[in-house]
């Protein structure tokens, strides 16, 4: 018996024969935790295998490293512009083209361009 009898009471039960066994609820909890741990292990193993594959590919083809960083930059730029266009589209979809709408469009485009041209300041 440990220093925490309440926990021990939830973990084991005593049978008619006087033997201590694991409580069914606790056994199911342990099984769930074991399954979760196995799933996490599989996730991290797959991630590691993927990193090893990427590294070996970059060793074989050093020119890909530069391309990958350029592609990542293009994806980020595309995301910034998409957000700006969606914001402008949401503003103009009501059919009213007020001065405030046009001003909003100009400010939104300026912010997007600032993000693109000065990524370190954002």
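Residue numbers (my numbering): 39 to 160. Cβ atoms here follow ideal geometry from the backbone N, Cα and C, with glycine treated the same way.
In this structure, residue 150 and residue 119 form a Cβ contact; the two beta carbons are roughly 6 Å apart against a cut-off of 8 Å.
Unbroken alpha helix (DSSP H) runs of no fewer than 4 residues, entirely contained in the region 100-154, are found at 101-130, following chain order. Taking a 10 Å sphere around the C-beta of residue 122, we find 16 or more other C-beta atoms and assign the residue as buried. In the three-state DSSP reduction, residue 98 falls in the helix class (H, G or I). In this structure, the alpha-carbon of residue 153 lies about 26 Å from that of residue 102.
The three-state reading of DSSP puts residue 55 in coil, since its state is none of H, G, I, E or B. Looking at the backbone, the Cα of residue 91 and that of residue 157 are separated by about 30 Å. Taking the Cβ atoms as the reference, residue 139 lies roughly 6 Å from residue 130, within the contact range of under 8 Å.
Straight across, the Cα-Cα distance linking residue 99 with residue 84 is about 22 Å.
Distance from the CA of residue 148 to the CA of residue 97, rounded to the nearest whole angstrom, comes to 40 Å.
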